[in-house]
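Taking it in order: structure first as structure tokens, then the write-up.
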Amino acid sequence: MRLETLAVHAGRRVDPATGAVTMPIHPSTTFERDPDGSYPRGFLYARNSNPTRAALEACMRDLEGGADATAFGSASAATAAVLLSLAPGDHVVAPTDAYHGTLRLLRETFATWGLETTFVDMTDASAVERALRPATKLVWIETPSNPLWKIVDVARVAAIARDAGARSLCDNTVATPVLQRPFDLGADLVLHATTKYLGGHGDVLGGVVVTRADDDFWQRVRRAQATAGGVPSPFDCWLVLRGIQTLPWRVRAQSAHALRLAEVLAGHPRVEAVHYPGLPASPAHDVARRQMRAFGGMLSFEVRGGRDAAMAVAAKVRLFTRATSFGGTESLIEHRASIEGAGSRTPESLLRVSVGLEHPDDLIEDLGQALTV
Ligand SMILES: *Cc1c(COP(=O)(O)O)cnc(C)c1O
Numbered sequence: 150m151r152l153e154t155l156a157v158h159a160g161r162r163v164d165p166a167t168g169a170v171t172m173p174i175h176p177s178t179t180f181e182r183d184p185d186g187s188y189p190r191g192f193l194y195a196r197n198s199n200p201t202r203a204a205l206e207a208c209m210r211d212l213e214g215g216a217d218a219t220a221f222g223s224a225s226a227a228t229a230a231v232l233l234s235l236a237p238g239d240h241v242v243a244p245t246d247a248y249h250g251t252l253r254l255l256r257e258t259f260a261t262w263g264l265e266t267t268f269v270d271m272t273d274a275s276a277v278e279r280a281l282r283p284a285t286k287l288v289w290i291e292t293p294s295n296p297l298w299k300i301v302d303v304a305r306v307a308a309i310a311r312d313a314g315a316r317s318l319c320d321n322t323v324a325t326p327v328l329q330r331p332f333d334l335g336a337d338l339v340l341h342a343t344t345k346y347l348g349g350h351g352d353v354l355g356g357v358v359v360t361r362a363d364d365d366f367w368q369r370v371r372r373a374q375a376t377a378g379g380v381p382s383p384f385d386c387w388l389v390l391r392g393i394q395t396l397p398w399r400v401r402a403q404s405a406h407a408l409r410l411a412e413v414l415a416g417h418p419r420v421e422a423v424h425y426p427g428l429p430a431s432p433a434h435d436v437a438r439r440q441m442r443a444f445g446g447m448l449s450f451e452v453r454g455g456r457d458a459a460m461a462v463a464a465k466v467r468l469f470t471r472a473t474s475f476g477g478t479e480s481l482i483e484h485r486a487s488i489e490g491a492g493s494r495t496p497e498s499l500l501r502v503s504v505g506l507e508h509p510d511d512l513i514e515d516l517g518q519a520l521t522v
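Counting with this note's numbering, you get residues 150 to 522 for the letters of the sequence shown.
What follows is the structure, encoded as structure tokens:
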């Protein structure tokens with residue numbers, strides 16, 4: 150089946166008990182045993198599994214074309230479960246510009262726990278090769294990366310990991326399964342913040358890990374989900390499932406509108422630089438064209454005049470909301486360096502934009518008036 154059809158149907162069916170067309174939410178924490186002590190319906194206790202979460206996991210497995218999926222209460226909990234499935238002494242290679250929460254988990258929480266990480270510029274595949282060690286067990290990929298939307302060649306880096314006997318994981322949050330197919334490119338695991346495009350309405354936090362193969366490592370991830378317990382509520386799973394139904398159409402519109410904004414901004418005299426892989430002038434364009442179906446709904450631009458000029462533009466917008474996060478229906482703008490705080494490598498002149506579902510001409514007019522001195 151094609152992606153649009155999977156987005157509407159995967160993991161879901163008409164409720165056999167009631168005929169309800171929209172999937173019910175199952176809040177029950179516990180499930181009945183048969184007189185012989187068995188659980189013939191497969192559910193025992195909601196931290197281990199529950200029907201609403203199982204539906205979301207089946208949907209995500211099918212959307213990415215994997216063998217299985219696990220859902221979490223946030224992508225950070227999903228990341229922690231993957232890292233918990235490694236062992237102290239193992240080595241990880243990760244991009245210097247991974248999501249800042251991922252960097253924190255690796256640098257702080259899991260460094261103390263005994264995991265060693267080498268951070269590299271992953272747009273340079275040879276840097277990944279140089280970082281490998283005999284103990285390297287995981288190569289963490291995130292592409293497009295935030296907030297410069299750099300592109301990692303997933304096929305190349307996944308092959309390097311495989312040759313070294315390590316797994317590769319691709320954080321596919323920004324691209325979504327609509328634009329990028331990490332399993333087709335050779336990745337072993339895919340991670341999503343469903344908080345962003347999959348949920349799609351800015352009203353639910355969640356994370357998912359999908360695996361290409363149901364192997365020993367995957368069983369450790371499943372156990373980490375059940376034992377560490379960073380699981381999503383049934384209502385949150387239902388909200389993500391509801392969001393996914395419109396995912397392909399939202400992401401396509403958001404990508405088309407982001408490209409228009411990027412083109413307009415690139416020609417604006419007050420804009421110093423536009424970071425968007427869809428612009429032919431972008432250093433990321435060639436790899437992005439090869440591995441993505443469109444270039445996504447996220448872009449950044451730098452305002453001439455540095456921090457104060459950028460803050461003044463963000464202060465003047467009327468239609469965009471000044472807020473962090475992305476992937477919802479309303480367009481957001483943020484001064485990224487101040488969100489990331491101390492240690493941020495993001496230029497002070499940079500504003501990050503999440504393109505929503507408003508008419509692009511209204512967005513262009515709003516940025517135009519905000520950029521007028
Ligand atoms: C937001 C985000 C995360 C973390 O998601 P949470 O649900 O907030 O934990 C991880 N990776 C990427 C690329 C993200 O954008």
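All C-beta atoms, glycine included, are put in the ideal place defined by N, C-alpha and C. What you are looking at is a predicted structure, and each value in this text was computed from that prediction instead of being measured.
Less than 8 Å divides the Cβ of Ala195 from the Cβ of Thr178. An exposed status is given to Ser187, since fewer than 16 other beta-carbon atoms sit within 10 Å of its beta-carbon. When C-beta atoms of the stretch 218-229 are compared with those of the stretch 404-414, fewer than three pairs fall below 8 Å, so the two segments do not count as touching. Around the Cβ of Pro184, a 10 Å sphere holds fewer than 16 other Cβ atoms; the residue is exposed. For Glu257, there is no enclosing alpha helix (DSSP H), since its DSSP letter is neither H nor E. Per the DSSP secondary-structure output, Trp367 pairs with nothing in a beta bridge.
In this structure, Val303 lies near Leu334, with their beta-carbon atoms less than 8 Å apart. Around Asn197, the same chain offers Ala375 as residues with beta carbons nearer than 8 Å, after the five sequence neighbours per side are excluded. The beta carbons of Leu390 and Arg161 sit closer together than 8 Å. The count of Cβ pairs closer than 8 Å, one atom from the stretch 479-491 and one from the stretch 501-517, reaches three, so the stretches are in contact. Not one heavy atom of ligand 1 falls within 7 Å of the beta-carbon of Ser493. Contact between Thr360 and Asp217 holds: their C-beta atoms lie close to 5 Å from each other, under 8 Å.
The beta-bridge partner set that DSSP reports for Leu388 is empty. According to DSSP, Leu468 shares a beta bridge with no other residue. When secondary structure is reduced to three states using DSSP, Gly349 falls in the coil class, being assigned neither helix nor strand. In the DSSP assignment, Cys319 forms a beta bridge with Ile290, Val339. Counting the other CB atoms within 10 Å of its CB gives Val170 a total below 16, which places it among the exposed residues. Residue Phe450 holds the alpha-carbon nearest to the alpha-carbon of Pro418 among Ile393, Phe444, Lys299, Phe450. Judged by DSSP in its simplified three-state form, Glu507 adopts coil rather than helix or strand. Distances between the C-beta of Gly250 and the heavy atoms of ligand 1 include at least one below 7 Å. In this chain, Ser382 is not harboured by any beta strand (DSSP E), its DSSP state being neither H nor E. For Ile482, the enclosing beta strand (DSSP E) starts and ends at 481-484. In the displayed model, Glu497 falls within coil according to three-state DSSP, outside both helix and strand. Beta-carbon to beta-carbon, Ala362 and Ile290 are separated by about 17 Å, too far to satisfy the 8 Å threshold. Sorting Thr343, His350, Asp270, Ala224 by C-alpha distance to the C-alpha of Leu212 places Thr343 at the top. Following the DSSP letters along the chain, one finds Ala224 in no beta strand (DSSP E) but inside the alpha helix (DSSP H) bounded by residues 224-233. Separation of Tyr248 and Ala260 (C-alpha to C-alpha, rounded to the nearest whole angstrom) is 17 Å. For Val163, the secondary structure class from DSSP, reduced to helix, strand or coil, is coil. Around Trp387, the same chain offers Ile174, Thr201 as residues with beta carbons nearer than 6 Å, after the five sequence neighbours per side are excluded.
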